[in-house]
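Participant:
Residue numbers (the numbering used here), protein chains in the order written: chain A, 4 to 725; chain B, 34 to 364.
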């Protein structure tokens with residue numbers, strides 16, 4: 004006998020699913036493509052005031068005086084606030100010094116310019132690429148030694164040493180950071196651009212001393228976050244204070260592009276000298292890395308624990324990592340924080356070792372798969388990616404020997420990620436008229452969250468996706484976790500599944516008598532409630548709901564990360580392998596992407612279309628960071644020189660090449676439950692592209708992005724052309 | 034942005050009457066793709082902005098008895114789409130297409146391309162045209178990967194003009210008008226390396242307006258432009274070359290080679306061009322000319338690679354002009 008006291012939350016068997024696992028276009032796709040979707044940076048209610056921030060032009064300075072009288076005199080200015088008063092020390096360029104609000108954007112900008120600040124400039128460090136110049140700003144963590152690396156290196160058949168580096172890059176959210184706040188009496192309404200609808204109100208409340216219960220947060224859409232949009236931030240706090248000082252009128256502050264690139268988060272750099280050895284068969288025996296990075300003033304960024312990446316079980320290891328504190332904007336989580344850097348440094352070192360051994364790197368990655376935590380996953384994904392790349396036919400030993408200046412090469416990168424579901428609550432409501440609402444205090448980061456919530460509800464209730472009214476993006480809905488760490492899909496799919504199963508069970512109980520049976524004999528299929536095995540006995544969905552009279556059903560469902568593993572709806576732990584195929588013009592040093600092949604698993608895939616879109620987007624970000632992106636700072640003046648979209652370069656459509664996605668959907672992966680996919684596909688691309696360039700031109704280009712100057716320098720160091 | 038007066042005259046005379054004795058009195062607005070950002074970033078301010086896009090006489094591309102007349106408000110898109118340009122002046126056509134954003138091609142004008150200010154990040158960051166701090170240029174010890182490899186300072190910026198090298202190579206002249214009359218300047222002399230940082234990079238006075246560009250007939254003149262950009266998407270070239278080859282039979286009678294984005298002006302490689310006289314264009318002669326074109330380069334700490342790029346651009350432009358490459362594609 005089935006246990007009727009515990010609802011059956013399990014995902015339906017693969018073969019029985021009608022909605023889950025089928026590709027579905029995102030529900031808000033047309034809205035977004037047409038511009039009908041309103042982001043909080045778009046909204047402009049009557050009476051709204053424009054806020055603006057005065058940023059510090061210096062990398063490190065003490066404010067000696069600040070005079071706001073000029074700003075206060077400008078017509079339309081409603082409030083001027085000093086953030087950094089005399090005596091305060093500013094630690095990076097772009098940092099907030101004062102804020103203003105005004106009735107027009109122009110008046111706000113004029114007011115910012117009219118504030119007179121005098122600074123005492125202080126010593127600064129804005130570059131960390133040469134650690135020799137970092138002095139006491141470099142702080143080494145303790146050395147970690149496992150096994151006997153010295154002995155292993157001595158006994159190794161092959162050892163390779165190399166230098167590798169990735170600069171600081173930024174998030175480049177299309178919608179910059181910011182929000183609008185109205186603080187009227189004891190009530191605060193907040194329209195942020197956030198990855199954390201349920202939590203950001205409390206964050207703002209702590210800063211302005213208002214209880215979270217009195218803060219209402221609303222956001223329909225967000226224009227990119229990538230890990231950089233969790234807190235209310237100083238500009239959120241300033242918008243609130245300016246609103247209060249302006250009689251409670253809403254004040255909107257969104258950072259301009261320059262400030263966005265300077266202070267709204269970035270990905271830490273990573274540089275390192277890496278030594279890796281293998282036995283005569285190509286089995287990796289020892290690893291030694293001396294790495295450093297900066298995540299801004301706090302140093303931070305990478306940690307020694309990430310090395311060697313994925314190939315964790317190298318038996319002999321010596322690992323040193325140094326954090327460099329710089330006077331630059333602080334790092335924030337960047338789509339798989341620190342994994343890209345670790346992947347790039349590790350996979351580059353392995354590829355260089357393979358080249359030294361004159362072995363095919365595919366074989367080296369494969370024969371060392373037992374050093375990973377998921378040997379079978381990496382083995383099968385490496386093989387699948389190689390098959391899609393036609394590796395055996397297209398790969399050559401390092402240095403394309405073909406004629407002409409354009410050389411072609413292939414390279415591999417690997418990645419790993421967690422992605423188990425976060426804490427999430429869902430309220431599912433079935434109305435007597437048959438309409439259905441599911442409410443979660445979640446957010447759709449652009450990943451398709453709204454759509455997969457509807458798909459899960461539709462699957463459970465036997466309804467089409469269009470029949471589900473998904474309500475997210477508001478703090479009045481049940482709390483759901485922040486969207487970070489690829490935790491959203493696991494969290495919201497599980498809570499939605501549970502809430503809708505609970506609601507359906509209530510509905511079945513209500514209609515069972517009229518169908519002359521018991522609830523356990525009923526199921527919801529194709530807009531009907533039917534008796535299992537007897538389709539002649541059924542009610543339409545609407546007829547069934549009418550049986551509720553005037554009482555709606557409203558049931559909760561919760562994903563609790565502590566109990567989720569044994570419930571089986573979601574889990575964590577994924578692998579990913581990417582192969583890049585590039586052409587390099589060895590006369591100009593310009594790299595052109597041919598293909599980027601991405602093979603990833605993510606457990607049970609609810610919506611293959613949006614899952615694949617995640618991989619496409621992540622691969623595009625990898626092309627950007629591998630070939631174009633870098634924050635350029637000048638140590639003479641302490642300034643970032645390219646806080647713009649002109650010389651802070653991103654790929655355009657012609658630069659991206661073909662992206663081939665393979666989602667590893669299989670019964671074995673499916674039975675693991677839902678796993679997040681937002682971050683993992685952003686990891687392997689940097690390494691794959693860097694390795695493909697090395698394979699093409701016959702020499703390592705040590706530092707990303709692989710720009711013309713670096714390619715030509717690498718070729719010159721090798722002597723002659725490929 | 035500092036408040037300013039905006040006027041949109043319908044006639045050239047009216048426009049010229051609105052210009053002033055200095056740039057801070059009045060400035061000309063056409064496509065606005067450069068001017069607006071200069072003003073919004075606080076790098077430049079003025080009392081009056083004179084929009085010239087409504088002046089009919091400044092538009093249009095047509096044939097004259099001697100060649101082609103291109104109005105100064107002709108957009109890059111009009112230039113790139115013109116069959117007259119594509120057929121006879123591939124060097125111009127390719128240079129216009131190299132401006133890779135359709136938005137910029139739709140808005141930006143030929144006159145604006147010639148008059149735009151440098152993209153040097155120190156200049157745009159408020160350090161002036163010569164990137165000075167405490168009496169010293171920031172460029173030699175700074176971030177100079179995009180800076181000049183010719184000229185030797187103190188102007189280390191590169192001319193941003195996309196069309197300049199092609200116009201110089203083709204022997205174009207530029208017509209300028211002011212309320213006291215008009216004058217014509219050879220394209221090669223229009224671009225100047227300023228000797229002080231308050232000067233302009235062009236021979237244009239504040240009360241003058243570029244009205245038209247006259248390009249001599251290029252019938253029988255083989256010409257091409259080759260650009261090397263990091264991105265295929267909108268990007269400033271790292272180096273570019275425009276070449277024009279006046280032929281005598283299958284060999285070069287007189288050549289012109291002009292480099293772009295490597296000097297404060299379009300940079301004429303006269304000796305390299307002279308060396309081609311009497312030769313046919315082959316992989317070898319093109320390589321020799323390319324080598325000669327960069328002979329006087331003075332690279333800075335980070336831009337030695339641009340010497341190589343300039344060389345490749347010259348070689349590929351020559352081969353493309355001679356029909357020895359499939360097309361002068363953009364790298």
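For every residue, glycine included, the Cβ atom is placed at its ideal position computed from N, Cα and C.
Quick caveat: nothing in here was measured; it's all calculated off a predicted structure.
#1: How about the stretch 356–367 of chain A and the stretch 326–340 of chain A: do they share at least three Cβ pairs that are nearer than 8 Å?
#2: In the structure shown, what three-state DSSP assignment does residue 581/A receive?
#3: State the DSSP-derived secondary structure class of residue 182/A, mapped to helix, strand or coil.
#4: Which of the three DSSP states, helix, strand or coil, is assigned to residue 398/A?
#5: Identify the residues that DSSP records as bridge partners of residue 276/B: which are they?
#6: The alpha helix (DSSP H) spanning residue 118/B covers which residue range?
#7: If I measure Cβ to Cβ from residue 309/A and keep anything under 7 Å in the same chain, skipping five residues before and after, which residues do I get?
#8: Can you find the residues in the same chain that come closer than 6 Å, C-beta to C-beta, to residue 498/A, ignoring five residues on each side of it along the sequence?
#9: Check the Cβ-Cβ distances between residue 264/B and every residue of chain A, and say whether any is below 8 Å.
#10: Which of helix, strand or coil does DSSP assign to residue 563/A?
#11: Would you report the Cα separation of residue 639/A and residue 95/A, rounded to the nearest angstrom?
#12: Please say whether residue 196/B and residue 147/B have beta carbons closer to each other than 8 Å?
#13: Would you list, in chain order, the members of the stretch 566–594 of chain A that have their beta-carbon closer than 8 Å to a beta-carbon of chain B?
#14: Could you pull the DSSP bridge partners for residue 53/A from this structure?
#15: Over what stretch of residues does the beta strand (DSSP E) that includes residue 599/A continue unbroken?
#16: How many Å lie between residue 368/B and residue 53/B at the Cα?
#17: Taking only heavy atoms of the ligand SAM into account, decide whether any of them is closer than 7 Å to the Cβ of residue 385/A.
#18: Per the contact definition of three or more C-beta pairs closer than 8 Å, is the stretch 328–341 of chain B in contact with the stretch 174–186 of chain B?
#19: Across the stretch 165–179 of chain B and the stretch 332–342 of chain B, are there enough close Cβ pairs to call them in contact, namely three or more that are closer than 8 Å?
#20: Near residue 339/B, which residues of its chain fall below 7 Å by C-beta distance, leaving aside the five closest residues on each side in sequence?
#21: Can you give me the C-alpha to C-alpha distance between residue 31/A and residue 473/A, rounded to a whole angstrom?
#22: Quick check: is the beta carbon of residue 411/A nearer than 8 Å to any beta carbon in chain B?
#23: Per DSSP, residue 527/A is paired with what?
#24: Identify the contact partners of residue 657/A in chain B, using a Cβ-Cβ distance below 7 Å as the criterion.
#25: Along the alpha helix (DSSP H) that carries residue 617/A, what are the first and last residues, could you check?
#26: I'd like to know if the stretch 42–52 of chain A and the stretch 241–257 of chain A are in contact, where contact means that at least 3 CB-CB pairs between them fall below 8 Å.
#27: Going by CA-CA distance only, name the one from 382/A, 491/A, 471/A that's closest to residue 735/A.
#28: Quick one: does residue 678/A have its CB under 8 Å from some CB of chain B?
#29: Go ahead and label residue 87/A buried or exposed: buried means 16 or more other beta carbons lie within 10 angstroms of its beta carbon, across all protein chains shown.
#30: Can you pull the chain B neighbours of residue 635/A, defined as C-beta to C-beta under 7 Å?
#31: Does the distance from the C-beta atom of residue 128/B to that of residue 250/B stay below 8 Å?
#32: Does DSSP put residue 267/B in a helix, a strand or coil?
#33: Whole-angstrom Cβ separation of residue 104/A and residue 82/A, contact assumed at under 8 Å?
#34: So, for residue 121/A: in the same chain, excluding its five sequence neighbours on each side, which residues have a beta-carbon less than 8 Å away from its beta-carbon?
#35: What ranges does the beta strand (DSSP E) occupy inside the stretch 316–387 of chain A, keeping only unbroken runs of at least 3 residues that lie completely in it?
#36: Listing by chain order, which chain B residues have their CB less than 7 Å from the CB of residue 645/A?
Facilitator: Considering the structure as presented:
#1: Verdict: no, contact absent.
#2: The residue you call residue 581/A lines up with position 578 of the first chain. The answer is strand: DSSP assigns residue 581/A an E or B state.
#3: Along the first chain, read from residue 1 onward, the residue named residue 182/A stands at position 179. If DSSP states are grouped into helix, strand and coil, residue 182/A belongs with the strands.
#4: Residue numbering aside, residue 398/A sits at position 395 when the first chain is read from its first letter. Coil, per DSSP.
#5: Taking the first residue of the second chain as position 1, residue 276/B is located at position 243. Answer is 257/B, 290/B.
#6: Within the second chain, the letter at position 85 stands for residue 118/B. Segment 116–121, the alpha helix (DSSP H) holding residue 118/B.
#7: Position 306 of the first chain, counted from the first residue, corresponds to residue 309/A. Same-chain partners within the cutoff: 341, 345.
#8: For the purposes of this step, residue 498/A is identified with residue 495 of the first chain, where counting begins at 1. Contacts found: 427, 428, 429, 560, 561, 562.
#9: The residue labelled residue 264/B in the question sits at position 231 within the second chain. So yes, residue 264/B belongs to the interface.
#10: Here residue 563/A corresponds to residue number 560 of the first chain, with the count starting at 1. Three-state result, residue 563/A: coil.
#11: As a first step, residue 639/A is located in the first chain; it is residue number 636 there, counting from the start. As a first step, residue 95/A is located in the first chain; it is residue number 92 there, counting from the start. In a straight line, the C-alpha of residue 639/A is about 14 Å away from that of residue 95/A.
#12: Position 114 of the second chain, counting from 1, holds the residue named residue 147/B. Position 163 of the second chain, counting from 1, holds the residue named residue 196/B. Yes, these two residues count as a Cβ contact at 8 Å.
#13: Taking 8 Å as the Cβ-Cβ cut-off, the stretch 566–594 of chain A approaches chain B at 588, 590, 591, 592, 593, given in chain order.
#14: Position 50 of the first chain holds residue 53/A. According to DSSP, residue 53/A bridges with 105/A, 255/A.
#15: Along the first chain, read from residue 1 onward, the residue named residue 599/A stands at position 596. Unbroken beta strand (DSSP E) run through residue 599/A: 593–603.
#16: Residue 368/B lies beyond the range of chain B shown here (34 to 364); nothing can be said about it.
#17: Ligands displayed in this structure: none; no statement on the ligand SAM is therefore possible.
#18: Counting Cβ pairs under 8 Å, three or more are found: they touch.
#19: Taking 8 Å as the limit for Cβ pairs, the verdict is that the stretch 332–342 of chain B does touch the stretch 165–179 of chain B.
#20: Against the second chain, residue 339/B aligns to sequence position 306. Around residue 339/B: 182, 271, 272, 295, 332.
#21: The residue labelled residue 31/A in the question sits at position 28 within the first chain. The residue labelled residue 473/A in the question sits at position 470 within the first chain. The C-alpha of residue 31/A lies about 11 Å from the C-alpha of residue 473/A.
#22: Working through the first chain from its first residue, we reach residue 411/A at position 408. Chain B, which has no Cβ nearer than 8 Å to the Cβ of residue 411/A, makes this no.
#23: Reading the first chain from its first residue, position 524 is the one you call residue 527/A. In the DSSP output, where bridge partners are listed per residue, residue 527/A has 532/A.
#24: Locating residue 657/A in the first chain gives position 654, where the first residue counts as 1. Chain order gives the chain B residues near residue 657/A as 265, 266, where near means a beta carbon separation below 7 Å.
#25: In the first chain, counting from the first residue as 1, residue 617/A sits at position 614. Following the DSSP letters along the chain, one finds residue 617/A inside the alpha helix (DSSP H) bounded by residues 611–630.
#26: Three or more Cβ pairs drawn from the stretch 42–52 of chain A and the stretch 241–257 of chain A lie within less than 8 Å of each other, which places the two stretches in contact.
#27: Outside the shown range of chain A, which is 4 to 725, sits residue 735/A, and nothing can be said about it.
#28: Position 675 of the first chain, counted from the start, is the residue given in the question as residue 678/A. Not closer than 8 Å to any Cβ of chain B, the Cβ of residue 678/A fails to qualify, so no.
#29: Here residue 87/A refers to the residue found at position 84 when the first chain is read from its first residue. Burial of residue 87/A is indicated by the presence of at least 16 other C-beta atoms within 10 angstroms of its C-beta.
#30: For the purposes of this step, residue 635/A is taken as residue 632 along the first chain, with counting starting at 1. Here the neighbours are 176.
#31: Residue numbering aside, residue 128/B sits at position 95 when the second chain is read from its first letter. Residue numbering aside, residue 250/B sits at position 217 when the second chain is read from its first letter. The answer is no: Cβ separation not under 8 Å.
#32: Here residue 267/B corresponds to residue number 234 of the second chain, with the count starting at 1. In this structure, DSSP gives residue 267/B a state outside helix and strand, which the three-state scheme calls coil.
#33: Working through the first chain from its first residue, we reach residue 104/A at position 101. Working through the first chain from its first residue, we reach residue 82/A at position 79. With a Cβ gap of about 5 Å, residue 104/A and residue 82/A count as contacting.
#34: Residue mapping note: residue 121/A aligns to position 118 of the first chain, counting from 1. Once the five neighbours on either side are set aside, the close Cβ partners of residue 121/A are 66, 67, 68, 69.
#35: Within the stretch 316–387 of chain A, the complete beta strand (DSSP E) runs of at least 3 residues are 319–327.
#36: Locating residue 645/A in the first chain gives position 642, counting from the first residue. Neighbours of residue 645/A on chain B, chain order: 154.
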